[in-house]
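Novice: For what it's worth, my numbering labels the leading residue of the sequence shown as 955, then goes sequentially. Once you've had a glance at the structure underneath, I'll fire off some questions.
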Amino acid sequence: MFDECSRQLQTWQPPRLPDPRRPAELTGIVYLHGRVTPNYDGAEGDGFVLSSSEFGKAYLADGWATDFFRAILGKFVVVFVGYTADDPPVQYLLEALTKASGRIENVYAFQSGDESDATARWRHKGVNAIAYDPANSHTALWATLEAWSARARNIDGWYNDVIDLAQRGPEPMMPHERGQVAHIVSSYEGAKRFTEAASPPPANWLCVFDPYRRYERPGHLGTMLERGDYVDPFDLYCLDSDVAPAKPNPEDHYARRDVPNEAWDAFSINRLDRQALNDENVIALRGHWARNAPRLVPRIFQLAGWLTRVSDQPAAVWWAAHQSALHPDIRDRIRWRLERADEASAPEIRKAWRFLFESWDSYRGEFHRGIYELAAQVAKDGWDDTAVRQYAAIRKPYFSAGNAYWGGPKPPDDGAEIRLGNLIRLDVKYPERHDPINIPDGWLSQTVKALRLNLELAVALENEIGGYGLLSISPIVADETVGDDQYERSHGLSAHVIEYVVILKRLVALDPSAAKSELSAWPIGDAVFNRSGFGR
């Protein structure tokens, strides 16, 4: 068939095959199993590979065909067209590749029929099936190959057309169109084009690039008081390659939706990214890359540039609030862009980013290691000024920012009124002290002063986000008439106030003069300090 198109095409056949490591050489047609003569009266060169013994020799014994394919797979995606899963060439090839490397990646096959049948035929061989409707003499297959050909003939035009389409945002596009954008940003060249577009595609694409947003549980838009439409984010952001999840009952508020392991993620390192890794992308035992976060791989660095360009849009900070952190380089780039005088952005968006940055910078971890490390330190070396300072730092309250409680599984629209509460959720975190730590009498005065400064900070933080946390402080003396409130007294701001009072009472008994000096330093009229039970 290819010869009928043109006998002028570059052709290759055993024993001389192109080297996949040389892109300029890998062109034309490779007759891996031999080529018929122009008169169809025999084989050119070394003959055909037809019998089982010849296939075994090419793919297993000598392995020259397997070596060629392995080199191809190292640089390209392979698609079988016109083969079935049981064809001898396919069986020999896949058996040899599996035996050599243990697994196969980036191999696809067109298979007529429905999705489930096509997948069943190829999955056990490690091949991804591309199902298509064979109606009308396989029109769907030919149309697909024609579209691929058009892309290959004008790659720049194809990139431009898809990126122009992406300017509309993902919601009005079809799953396969979103899949084309996903394909583009999965390579360095495509991510660079996407990022450097004259007008960057909107930040809503983050909901496509992040599988946790595509598979987010459906929910209502709006607020607690004004309930909006019921939205399934999968309908808005899914790709044609995504496995469709089950639809939950809208009234089941505890329904879960798990993200499939194979779901595409724009921000995960892929095969091409691994090939581009170098020393600056890997953490080190010592030196610069031990102190600083390794650099992002080139493709994801490009996507970070796009995120920076759209960081002034509500969807960008809304998406970021769902993340436990972003790479320090991205934070610095966003911070620099938003603080530039010539960059227009809404004050609420700038404020939301600042809260997120502060929250990420203040994160203490989940296991409260600091308090245990300090306990071991003072058990060995005793208390000193350093221990007091470390204890105060461990107990210091800080901002925590996360995704907004209300608004649903879809980011706020650009044209909507921007409110901080629709972008992020803010709270003040109070580090817990699971086990008591004994503070010697000689260090009470210094410790109580340090804890007072922490409480003053707590009041300032609570007031900054509305002051609601100051309204539910447990009484210093437990009120037995209201039942067991031990949890409230041992967590949050209440625990810190009670701890301060306990240490202050010890100081009153030990050194009344020092305690009086401490009382004189209290802020006048402060609600928290007035709860302590001490008068000036």
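No residue lacks a Cβ here, since even glycine has one placed at the ideal position from N, Cα and C. The structure displayed is predicted, hence computed values, not measured ones.
Under a three-way DSSP split, which group does A1355 fall into?
Specialist: Your numbering for residue 1355 matches position 401 in the sequence shown. Strand.
Novice: Using three-state DSSP, classify I1223 as helix, strand or coil.
Specialist: As a working mapping, residue 1223 is identified with position 269 in the sequence shown. Here I1223 sits in coil by DSSP.
Novice: For L986 versus T1020, is the C-beta distance shorter than 8 Å?
Specialist: Here residue 986 corresponds to residue number 32 of the sequence shown, with the count starting at 1. Here residue 1020 corresponds to residue number 66 of the sequence shown, with the count starting at 1. For L986 and T1020, no; Cβs fall outside 8 Å.
Novice: Does the region 1169–1182 come within contact of the region 1137–1150, defined as at least 3 CB pairs closer than 8 Å?
Specialist: At 8 Å Cβ cutoff, the stretches do not touch.
Novice: Taking the continuous beta strand (DSSP E) assigned at Y1184, which residues delimit it?
Specialist: Position 230 of the sequence shown, counted from the start, is the residue given in the question as residue 1184. Residues R1181 to V1185.
Novice: Below 8 Å between beta carbons: does that hold for P974 and G999?
Specialist: By 1-based counting over the sequence shown, the position of residue 974 is 20. By 1-based counting over the sequence shown, the position of residue 999 is 45. Contact flag unset, no.
Novice: Using only the alpha-carbon positions, how far apart do L1095 and K1079 sit?
Specialist: For the purposes of this step, residue 1095 is identified with residue 141 of the sequence shown, where counting begins at 1. For the purposes of this step, residue 1079 is identified with residue 125 of the sequence shown, where counting begins at 1. Approximately 22 Å between the Cα atoms of the pair.
Novice: With a Cβ-Cβ cutoff of 8 Å, do G1361 and L1179 count as a contact?
Specialist: Within the sequence shown, the letter at position 407 stands for residue 1361. Within the sequence shown, the letter at position 225 stands for residue 1179. Taking 8 Å as the Cβ cut-off, G1361 and L1179 do not qualify as a contacting pair.
Novice: DSSP three-state call for Y1169: helix, strand or coil?
Specialist: The sequence position of residue 1169 within the sequence shown is 215, counting from 1. Y1169: coil per DSSP, three-state reduction.
Novice: Check each candidate in R1132, Q1256, T1073 and H1276 and name the one with the smallest Cα separation from P1363.
Specialist: By one-based count along the sequence shown, residue 1363 stands at place 409. Selected option, being the one with the closest Cα: H1276.
Novice: Indicate the three-state DSSP secondary structure (helix, strand or coil) for L1287 in the structure shown.
Specialist: On the sequence shown, position 333 is the one that residue 1287 refers to. For the sequence presented, residue 1287 should be read as Arg rather than Leu. In this structure, R1287 counts as helix in the three-state DSSP scheme.
Novice: Where does I983 fall in DSSP's three states?
Specialist: Looking up residue 983 in the sequence shown gives position 29. Three-state result, I983: strand.
Novice: DSSP on I1427, reduced to helix/strand/coil?
Specialist: Residue mapping note: residue 1427 aligns to position 473 of the sequence shown, counting from 1. Of the three classes helix, strand and coil, the one that applies to I1427 here is coil, per DSSP.
Novice: Exposed or buried, L1380, counting other C-beta atoms within 10 Å across all chains shown (16 or more means buried)?
Specialist: As a position in the sequence shown, residue 1380 is number 426, starting the count at 1. L1380 is buried by the Cβ-count criterion.
Novice: Would you identify the three-state DSSP class for Q1256, choosing helix, strand or coil?
Specialist: For the purposes of this step, residue 1256 is taken as the residue at position 302 of the sequence shown. If DSSP states are grouped into helix, strand and coil, Q1256 belongs with the helices.
Novice: Using 10 angstroms around the beta-carbon of A1472, count the other beta-carbons present and answer buried if the total reaches 16, otherwise exposed.
Specialist: As a working note, residue 1472 is residue 518 in the sequence shown. For the record, residue 1472 in the displayed sequence is Glu; it is not Ala. So E1472 ends up on the buried side.
Novice: When you compare the region 1334–1345 with the region 1301–1315, are there three or more beta-carbon pairs, one atom per stretch, that lie closer than 8 Å?
Specialist: Result no; under three Cβ-Cβ pairs closer than 8 Å.
Novice: Provide the residue(s) that pair with H1174 in DSSP beta bridges, ordered along the chain.
Specialist: Start at 1 with the first residue of the sequence shown, and residue 1174 comes out as number 220. In DSSP, H1174 forms a bridge with Y1184.
Novice: So, helix, strand or coil for S1006, using DSSP?
Specialist: Residue numbering aside, residue 1006 sits at position 52 when the sequence shown is read from its first letter. S1006 falls in the helix class under three-state DSSP.
Novice: By Cβ distance, which residues of its chain are closer than 8 Å to V1271, with the 5 residues on each side in sequence left out?
Specialist: Sequence index remark: in the sequence shown, residue 1271 carries index 317 (1-based). Counting only Cβ-Cβ distances below 8 Å, and skipping sequence neighbours, we find S1265, I1303, A1306, W1307, L1310, L1377 and I1378.
Novice: Give me the Cβ distance between Y1454 and L1409, rounded to the nearest whole Å; I'm assuming they're in contact under 8 Å.
Specialist: Taking the sequence shown and counting its residues from 1, one reaches residue 1454 at position 500. Taking the sequence shown and counting its residues from 1, one reaches residue 1409 at position 455. Confirmed, about 6 Å.
Novice: Using alpha carbons as the reference points, say which of F1353, N1417 and Q1065 lies closest to R1318.
Specialist: Sequence index remark: in the sequence shown, residue 1318 carries index 364 (1-based). The candidate whose alpha carbon is nearest that of R1318 is F1353.
Novice: Assign D1021 to one of three DSSP states: helix, strand, or coil.
Specialist: Walking along the sequence shown from the start, residue 1021 turns up at place 67. Of the three classes helix, strand and coil, the one that applies to D1021 here is helix, per DSSP.
Novice: Rounded to whole angstroms, how far is the Cβ of G1423 from the Cβ of V1382, which I believe are closer than 8 Å?
Specialist: Within the sequence shown, residue 1423 is the residue found at index 469, counting from 1. Within the sequence shown, residue 1382 is the residue found at index 428, counting from 1. Their Cβ separation, rounded to whole angstroms, is 6 Å, which keeps G1423 and V1382 in contact under 8 Å.
Novice: Let's test the definition: count the other Cβ atoms within 10 Å of the Cβ of Y1191 and tell me whether it reaches 16, buried, or not, exposed.
Specialist: Along the sequence shown, read from residue 1 onward, the residue named residue 1191 stands at position 237. So Y1191 counts as buried.
Novice: Helix, strand or coil for F1034, going by three-state DSSP, please let me know.
Specialist: Along the sequence shown, one-based indexing puts residue 1034 at 80. Reduced to three states, the DSSP call for F1034 is strand.
Novice: In whole angstroms, what separates the C-alpha of E934 from that of R1181?
Specialist: Nothing can be reported for residue 934: it is not among the residues displayed for the chain, which extend from 955 to 1490.
Novice: Name the residue from P977, R976, R989 and E1327 whose alpha carbon lies nearest to the alpha carbon of T965.
Specialist: Counting from 1 along the sequence shown, the entry for residue 965 is found at position 11. Ranking the options by Cα distance to T965, first place goes to R989.
Novice: Going by DSSP, what residue range makes up the alpha helix (DSSP H) through S1070?
Specialist: Looking up residue 1070 in the sequence shown gives position 116. Residues E1069 to W1076.
Novice: Please give the ranges of any alpha helix (DSSP H) in the region 1087–1152, keeping only runs that are unbroken, at least 4 residues long and fully inside the region.
Specialist: Runs found: 1089–1107, 1109–1120, 1129–1138 and 1142–1149.
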